[in-house]
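First the structure, in the form of structure tokens, and then the observations on it.
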Amino acid sequence: MEIVAAADSDERGLSLLKVVNVLQRVVVFVHSFTLEKLHKLGPSTSSAEMPTMREEDIAAKIKEICQELVLSQEALHEVCACLQEELNRGLAKESNPEATIKCFPTYVRELPNGKEKGRFLALDLGGTNFRVLLIELGDRCTMDSRIYAVPQPIMVGPGDGLFDHIAECLASFIKERDMGHELLPLGFTFSFPCKQEGLTKARLARWTKGFKCEGVEGRDVVDLLKQAIARRGDVKIKICAVLNDTTGTLMSCAWKNHNCRIGLIVGTGTNACYMEKLEKVELWDGDMEDPLQDHSHEEIKGVVINTEWGAFGDNGCLDFVRTEYDNIIDRESINPGRQLYEKMISGMYMGEIARQVLVRLVSEGLLFGGYASDILLEKGSFFTKYISEIESDKVGDYNNCRIILEELGFNDATDAECANVRYVCECVSRRAAHLAAAGVAVLLNRIREESVTVAVDGSVYRFHPHFHNLMVEQISQLLEPGIKFDLMLSEDGSGRGAALVAAVASRSASMSAHAR
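Residue 1487 in my numbering sits at position 319 of the sequence shown, and the numbers go up by one each step.
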């Protein structure tokens, strides 16, 4: 080679040869490092060694590999039977301590009748931001709200500091609107796992979502908020109810649709609540009599149950539908062995499931010529929103898919490769929708009313283009004969729902006072 000849002739050439040798070693190292990373995730075949396969054969092989993500009707019926059994265990006093699905009574006994009127405050805490809302109920609902940040030091600092911060923001909101003279009822949406002991009493079971405030777990969060407000002494608040976002979703839709009996969240996580008959709730320690009611509207005689069904399967009963991808995701999560149903359904995990499948297909030489980009090999790089965007493309059109693949480092994907990526996404989202549908079908079969509306919220349900239809189709196949249902998208359940719980509580308190 000319470079070698030049290197033999003078020192500059020798230096250049050394540079070339170093570069060659770097290239070999980088190539070896990338292959080593890929090998850790599964067997790999280099593009030079891979036999040429027809597109039809590749697609068939991919469908074969993805088959474990496709749930048969027999499997879904078995999921329903398992969930029914676990719900019964959660509702029974003797088995509840060991039950994975806790079925907490919310102490919400009445649903809105559509006639709630007045001004209410709502406080919505469920993440790194929280909202304060002023909601006016009447012929229609109007809302005025403001979002406040929860700084990182407060999220991990003393519990009193968190509630002092909330009280300060609440006071600021009230003063800005010149409402200091009013004693407004407040509904408090607190979307962390809690055991409720009354409509205005909820003990935090454990922090999630990055919060680690000391001195709060095991304590009543309503009492902590009241103490913080009292320390200020400059605002007057009447806290009428504490609830989570699932109950808020149910209440928000029930205000418009009196057939609502179920609230469902399919977003970052998943959970459901439903109206259960009191005689089936052995954990109930409240009044067995029906609350005083406005008889112009037939009320439901029961209590809303917060199932906390994300933990379904934590005892191993869902192992028959779990896959190697689910096991990897659970093993690498911050809570191994917990929330296994949620990890197959919710937006926090769907994208990562799809990524795990794609990496396997690359490692077996079925995608992208056996080449995996560093981005694809990075945990969490395939966002759940990618699934929604890829499936939003019209069939045969891969515009969104190509944009996403370019972000992941694949600039020349063929139509066939895009179709295969879309198929993986469809398998993941269809399984999630069908598992969520199985859960809803169980609740509908328990309620056994002729027509029931299911209130639904959450980013996966709201933004995935086919999730609603996939759920409706599957619920219909799992329902007992004679039951009609529909799924209703909730509008701001965590805000308006909190105000409605406060409104219903205020109405009940007023009727009880008049009765005395």
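Cβ atoms here follow ideal geometry from the backbone N, Cα and C, with glycine treated the same way.
It should be emphasised that the depicted structure is a prediction, and the values quoted were computed from it without experimental measurement.
When rounded, the separation of the alpha-carbon atoms in K1363 and K1562 is 45 Å. Closest option to A1667, judged by alpha-carbon separation, among N1256, G1258 and P1280: P1280. If you look at E1365, you'll find it in the beta strand (DSSP E) that goes C1362 to G1366. Per DSSP, K1229 is one residue of the alpha helix (DSSP H) stretching across E1223 to C1234.
Rounded to the nearest angstrom, the gap between the Cα atoms of S1514 and Q1524 is 16 Å.
Taking C-alpha positions only, N1483 is separated from P1361 by approximately 19 Å.
If you look at K1369, you'll find it isn't in any alpha helix (DSSP H); it sits in the beta strand (DSSP E) that goes K1369 to L1372. Collapsing the DSSP output to three states places F1653 in a strand.
In the DSSP annotation of this structure, the continuous segment of the alpha helix (DSSP H) that includes G1258 starts and ends at Q1241 to L1259. Rounded to whole angstroms, F1488 and D1312 show a C-alpha spacing of 48 Å. Non-local beta-carbon contacts of P1633 in its own chain, meaning distances under 6 Å to residues more than five positions away in sequence, involve E1559 and S1560 in chain order. Within the DSSP bridge table, the entry for A1317 names N1297 as partners. I1473 is classed as buried because its beta carbon has at least 16 other beta carbons within 10 Å across all chains shown. Taking each of E1278, Y1509 and E1350 in turn and checking the Cα distance to D1402, the smallest one comes out for E1350. Counting along the chain, the unbroken alpha helix (DSSP H) around E1574 starts and ends at N1567 to E1575.
If only uninterrupted beta strand (DSSP E) runs of at least 3 residues are considered, those enclosed by the segment 1377 to 1420 are 1405 to 1411. Distance between R1506 and A1479, taken at the CA atoms: about 6 Å.
As the crow flies, the alpha-carbon of N1503 is around 21 Å from that of N1264. Note that the segment 1430 to 1450 touches the segment 1253 to 1272; at least 3 beta-carbon pairs, one per stretch, sit closer than 8 Å. A check of alpha carbon separations from D1542 across H1602, E1532, E1575 and Q1320 identifies E1575 as the nearest. Taken atom to atom, the span from the alpha-carbon of T1368 to that of E1532 is near 56 Å.
Between L1545 and L1535, the CB-CB gap reaches or exceeds 8 Å.
Nearest in C-alpha terms to Y1493, of all of F1551, G1481, E1520 and F1288, is E1520.
Between D1225 and the set N1579, V1624, G1650 and A1584, the nearest pair of CA atoms involves A1584.
Burial of R1528 is indicated by the presence of at least 16 other C-beta atoms within 10 angstroms of its C-beta. Setting aside the 5 residues that flank it on each side, A1267 is surrounded in the same chain by E1254, R1257 and G1258, each with a C-beta closer than 7 Å to its C-beta; the list follows chain order. In the structure shown, the three-state DSSP call for A1335 is helix. A distance below 6 Å between beta-carbons, with the five flanking residues on each side excluded, links T1475 to the following residues of its chain, in chain order: I1269, C1271 and A1440. The residue among C1408, N1613 and G1577 with its C-alpha nearest the C-alpha of L1352 is C1408. When DSSP states are grouped into helix, strand and coil, N1588 belongs to the helix group. Between A1540 and L1657, the alpha-carbon positions lie close to 39 Å from each other.
DSSP places A1581 in the coil class of the three-state scheme, outside both helix and strand. With respect to T1415, V1276 sits close: the two C-beta atoms are nearer than 8 Å. Here E1304 carries a strand assignment [DSSP, helix/strand/coil].
Going by DSSP, M1518 is part of no beta strand (DSSP E) but of the alpha helix (DSSP H) stretching over M1518 to S1531. Non-local beta-carbon contacts of V1596 in its own chain, meaning distances under 6 Å to residues more than five positions away in sequence, involve M1518, I1521 and A1522 in chain order.
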